[in-house]
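Heads up: the sequence shown begins at 7 in our numbering, then just goes up one per residue.
Think of the CB as a built atom: it goes at the ideal place given N, C-alpha and C, for glycine as much as any other residue.
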Amino acid sequence: MRAHLLNNTTAEHYRRSVTAGVERVAATLAATERPFSGIGVDELSPAIDAIDLDRPLGDTAAALDELGEVYLRDAVYFHHPRYLGHLNCPVVIPAVVGEAVLSAVNSSLDTWDQSAGGTLIERRLIDWTTDRIGLGPAADGVFTSGGTQSNLHALLLAREEAESRPEQLTRLRIFTSECSHFSVQKSAKLLGLGPDAVVSVPVDREKRMQTVALAAALERCVAEGAVPMAVVATAGTTDFGSIDPLPEIAALCEQYATWMHVDAAYGCGLLASRTRRALLDGIEHADSVTVDYHKSFFQPVSSSALLVRDGATLRHATYHAEYLNPQRMAEECIPNQVNKSLQTTRRFDALKLWMTLRTMGSDGIGELFDEVCDLAGDGWRLLAADPRYDVVVRPRLSTLVFRYVPARVTAPATIDRVNLYARKALFASGEAVVAGTKVGGRQYLKFTLLNPETTAQDIRAVLDLIAGHAEQYLGESLDRAS
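Laid out in structure tokens, this is it:
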């Protein structure tokens with residue numbers, strides 16, 4: 007079994023095995039004609055359940071053959087131009103090269119003595135990002151597993167900075183728009199806050215937080231004897247790509263001495279844009295910022311970070327263990343990233359972004375993100391001109407929310423069923439993948455455009471496919487009724 011350990015004596019075995027895996031994936035990608043095979047859970051589950059994990063196949067080639075049957079053939083391929091579903095991006099090749107390197111070397115970024123240069127590379131990328139945001143010379147941060155963890159980490163810092171005693175936790179309030187990410191509510195629960203801790207602030211017609219409503223909510227909070235712990239602004243909501251009015255929110259946070267967190271998990275791609283950076287104006291006033299490089303920086307999952315204006319606030323996540331990061335290391339200025347992180351063992355995910363920047367540059371990333379934002383504008387014009395569809399809001403980023411509206415049907419519940427059916431049928435066909443959501447309690451569809459290879463013709467074709475499935479459902483419903 008030692009022959010399977012990666013070391014100096016097995017380097018050639020490693021090269022052959024990884025090459026075989028890369029060749030298998032490359033061949034699959036080259037032959038992929040649809041984003042999904044359309045296979046269902048009931049069909050795929052028995053094949054995987056039948057595999058006896060206690061009877062190994064003996065070599066990598068056989069395992070790859072099996073993997074082709076139970077995974078690669080039926081994977082959902084985000085690189086396909088008609089994958090228009092969730093916030094999943096096609097990945098750039100330099101980042102995939104970085105993934106291969108970091109997996110093989112297997113550095114752990116918790117302490118210097120497990121990572122050495124990896125620690126410095128991550129720190130350099132944190133500095134690069136905080137500079138792009140404009141957080142100032144005291145800024146710092148750490149890579150995380152994703153936006154949910156970044157948001158949790160930020161709100162932990164906000165809770166501690168509020169200087170509340172345990173018995174006062176139920177008085178803390180977090181203000182966020184009704185379109186913000188669900189991780190805000192989840193974080194409040196994990197942090198032990200009360201059931202009324204998260205105050206939902208209404209949005210305007212463009213799905214941006216209404217600052218007048220926020221101001222009233224903050225004033226009411228103080229009047230009731232509660233504590234405004236944090237305001238979470240969103241720069242790129244998951245459903246609409248909307249960006250809250252950051253300068254106005256920053257002013258209110260300053261007025262009420264409240265922590266300002268900006269969830270820019272989606273909108274962080276604007277940091278690299280040469281034409282749209284102004285959409286993030288005001289983010290420089292934040293106390294903390296979430297960025298997901300694995301969304302709009304075209305990185306493989308996972309690659310995210312939490313950035314803070316004042317690096318000293320990261321002390322709230324610091325614990326010293328004698329076997330790992332004793333206090334003397336801090337006194338000796340040894341850079342242990344675990345002092346900043348909610349995680350202990352942590353992958354060298356920063357290497358992927360490092361390889362991307364060193365190969366493509368930030369302008370290259372920004373150009374790709376600008377392309378999908380431009381495409382969303384084209385898609386909005388197609389939807390606005392198509393009598394079959396109702397589109398909710400003109401996009402600021404690369405998301406379109408819309409629904410099919412049958413000409414001869416007016417019952418809202420029927421229209422909901424039509425859109426639910428069309429999405430499900432489209433996914434089962436494998437021809438395209440779209441997402442869904444609710445707006446005002448009604449069912450809508452969603453295009454999340456993160457692939458620069460997607461064209462307006464692809465969007466047009468998918469709209470026709472959706473309409474075809476919707477019309478089929480209506481026809482079958484009429485047949486059943488008669």
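**Asked** Are Val-399 and Gly-91 close, meaning C-beta to C-beta below 8 angstroms?
**Response** no
**Prompt:** For Ser-189, which residues does DSSP report across the bridge?
**Reply:** Bridge partners of Ser-189: none, in fact.
**Request:** Identify which residue in Met-361, Asp-48, Ile-139 and Glu-328 has its Cα closest to the Cα of Arg-315.
**Result:** Ile-139
**Item:** N-terminal and C-terminal residue of the beta strand (DSSP E) that Ala-183 is part of
**Value:** Checking the displayed sequence, the identity of residue 183 turns out to be Ser instead of Ala. Looking at the DSSP string, the run of the beta strand (DSSP E) that includes Ser-183 is 178–183.
**Asked** Using 8 angstroms as the Cβ pair cut-off and three pairs as the minimum, do the segment 175–183 and the segment 134–149 touch?
**Response** no
**Request:** Find the nearest neighbour of Leu-406 within the set Trp-134, Leu-426 and Arg-387, judged by alpha-carbon distance.
**Result:** Arg-387
**Prompt:** Is it buried or exposed for Ala-487, if we count other Cβ within 10 angstroms and need 16 for buried?
**Reply:** Legend: pLDDT at Ala-487 = 46, less than 50; position of this residue unreliable, no value from coordinates given.
**Extent of the continuous beta strand (DSSP E) run through Gly-198** = First-last for Gly-198: undefined, no H or E at that position.
**Request:** Flag this pair as touching only if the segment 72–88 and the segment 107–114 have three or more C-beta atom pairs under 8 angstroms; answer yes or no.
**Result:** no
**Asked** If you run the structure through DSSP and keep just helix, strand and coil, what is Phe-408?
**Response** strand
**Prompt:** Among Ala-81, Val-28, Asp-58 and Ala-67, which has the Cα closest to the Cα of Leu-50?
**Reply:** Ala-81
**Prompt:** Are Thr-313 and Thr-135 touching if we call contact CB-CB under 8 angstroms?
**Reply:** According to the sequence displayed, residue 313 carries Leu and not Thr. Yes, they are a contact pair.
**Prompt:** How is the alpha helix (DSSP H) around Gly-370 delimited, first residue to last?
**Reply:** 367–391
**Prompt:** With distances taken from CA atoms, which of Cys-274, Asn-14, Ala-239 and Thr-420 is nearest Cys-259?
**Reply:** Ala-239
**Asked** Under 8 angstroms, do Ala-229 and Trp-265 count as touching if we go by C-beta distance?
**Response** no
**Asked** Hey, which unbroken runs of the alpha helix (DSSP H) at 4 residues or more fall wholly within the segment 194–266?
**Response** 217–229 and 252–261
**Asked** Nearest to Phe-246 by alpha carbon, out of Asp-369, Ser-279 and Gly-442?
**Response** Gly-442
**Request:** Report all residues from its chain with a CB closer than 6 angstroms to the CB of Leu-163; omit the five preceding and five following residues, and keep chain order.
**Result:** Thr-319 and His-322
**Exposure of Gln-449, with buried meaning 16 or more beta-carbon neighbours within 10 Å** = buried
**Asked** Of the residues Ile-99, Glu-105, Thr-150 and Gly-242, which one's Cα is nearest the Cα of Gln-349?
**Response** Thr-150
**Prompt:** In angstroms, rounded to a whole number, what distance separates the CA positions of Thr-125 and Ile-371?
**Reply:** 23 angstroms
**Request:** Determine the extent of the alpha helix (DSSP H) in which Phe-433 is found, giving its start and end residues.
**Result:** 418–435
**Message:** Taking its Cβ as the centre, do 16 or more other Cβ atoms sit within 10 Å of Gly-481, making it buried, or is it exposed?
**Reply:** exposed
**Asked** What residue does the alpha helix (DSSP H) around Val-82 start on, and which one ends it?
**Response** Val-82 -> no alpha helix (DSSP H), and no H or E assigned at all.
**Message:** Tell me the residue span of the alpha helix (DSSP H) that contains Thr-443.
**Reply:** Looking at the DSSP string, Thr-443 is not in any alpha helix (DSSP H); the run it does join, the beta strand (DSSP E), is 439–445.
**Message:** I'd like the span of the alpha helix (DSSP H) that includes Leu-158, first residue to last.
**Reply:** 153–167
**DSSP state of Leu-50 mapped onto helix, strand, coil** = helix
**Prompt:** How many angstroms separate the CA atom of Leu-115 from the CA atom of Ala-271?
**Reply:** 22 angstroms
**Asked** Do His-475 and Ala-428 come within 8 angstroms of each other at the CB atom, strictly closer than that value?
**Response** yes
**Request:** Report the residue from Ala-311, Thr-365 and Arg-280 whose alpha carbon sits nearest the alpha carbon of Asp-269.
**Result:** Ala-311
**Request:** Give the DSSP-derived three-state secondary structure of Arg-448 in the structure shown.
**Result:** strand
**Message:** Which of the three DSSP states is assigned to Val-148 in this structure?
**Reply:** strand
**Asked** For Ala-311, which three-state DSSP category applies?
**Response** strand
**Request:** Check whether the Cβ atoms of Leu-93 and Leu-456 lie closer than 8 angstroms to each other.
**Result:** yes
**Request:** Pull up the CB-CB distance for Thr-154 and Lys-192, whole angstroms please, since I reckon it's below 8 angstroms.
**Result:** 7 angstroms
**Asked** So Val-397 is in the beta strand (DSSP E); what residue range does that whole segment cover?
**Response** 395–397
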